[in-house]
């Protein structure tokens with residue numbers, strides 16, 4: 240009788256142990272699933288914030304630097320820069336803009352081709368401030384000179400520049416906080432398409448060589 244009771248107790252204990260093990264596995268499974276969903280959700284949020292910051296940085300840098308070039312070459316109003324550059328940046332960059340505009344002071348620029356290539360983009364969701372490395376190039380500058388400048392004056396060429404633009408968030412949106420000149424006339428990539436403003440390459444024109452014409456035969 241005691242042996243039978245002991246065997247039944249052992250079977251009950253094993254059954255209870257299997258039930259506890261099953262419950263524990265179920266709890267671990269749900270915890271692992273919830274943790275996985277949380278990690279995936281966090282990665283999605285970080286990816287969305289990073290993509291939004293990259294997109295905003297591209298728009299901010301391209302449009303802001305393009306307006307800065309217009310202020311230099313076409314003497315546009317500095318008020319146009321206030322949506323992209325901080326007040327301190329506009330003030331500290333005034334001398335650089337003035338020096339860049341000096342070679343074109345004697346002419347009225349009518350058109351030009353502006354290009355800005357982003358080399359390094361350091362933007363992470365947890366960063367308060369970041370920076371972007373860009374190479375600025377302006378080609379095909381066209382315009383008219385004042386009468387007193389004289390005829391035959393060539394349009395000064397723009398020297399390409401490499402900048403580091405420091406970005407910071409102010410009043411809920413990103414702005415260019417400062418402009419750091421890294422290099423003058425940096426190494427430029429070879430353009431994939433021909434430059435319409437480039438000088439044509441000299442082509443050797445073949446010189447015709449006269450050939451002897453046989454004399455007509457006498458009848």
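Residue numbers (the numbering used here): 240 to 458. We put the CB at the ideal spot given by N, CA and C, even for glycine.
Exposure of residue i, with buried meaning 16 or more beta-carbon neighbours within 10 Å
i	result
residue 268	exposed
residue 259	exposed
residue 283	exposed
residue 401	buried
residue 414	buried
residue 404	buried
residue 262	exposed
residue 367	exposed
residue 248	exposed
residue 422	exposed
residue 362	buried
residue 380	buried
Residue i (DSSP reduced to helix, strand or coil)
i	result
residue 373	strand
residue 316	coil
residue 246	helix
residue 458	In this predicted model, residue 458 has a pLDDT of only 49, less than 50, meaning its place in the structure is not dependable; the value taken from the coordinates is given anyway. Residue 458 falls in the coil class under three-state DSSP.
residue 279	helix
residue 268	helix
residue 298	helix
residue 393	coil
residue 339	helix
Residue i versus residue j: straight-line alpha-carbon distance, rounded
i	j	result
residue 333	residue 311	10 angstroms
residue 292	residue 358	16 angstroms
residue 299	residue 325	12 angstroms
residue 440	residue 360	With a pLDDT of only 49 at residue 440, under 50, the local geometry of the prediction cannot be trusted, and the value read off the model is given with reservation. Going by the C-alpha atoms only, they are around 37 angstroms apart.
residue 343	residue 335	14 angstroms
residue 330	residue 384	29 angstroms
residue 308	residue 296	18 angstroms
residue 418	residue 281	34 angstroms
residue 378	residue 278	48 angstroms
residue 376	residue 369	23 angstroms
residue 286	residue 303	25 angstroms
residue 270	residue 410	40 angstroms
residue 250	residue 257	11 angstroms
residue 351	residue 306	13 angstroms
residue 399	residue 288	33 angstroms
residue 315	residue 348	11 angstroms
residue 397	residue 408	31 angstroms
Beta-bridge partners of residue i, as assigned by DSSP
i	result
residue 347	383
residue 409	412
residue 464	For the chain, the structure presents residues 240 to 458; residue 464 sits outside this window and is missing.
residue 368	407
residue 361	370
residue 418	404
residue 287	DSSP lists no partner for residue 287.
residue 354	376
residue 326	Note: residue 326 sits in no beta bridge, so no partner.
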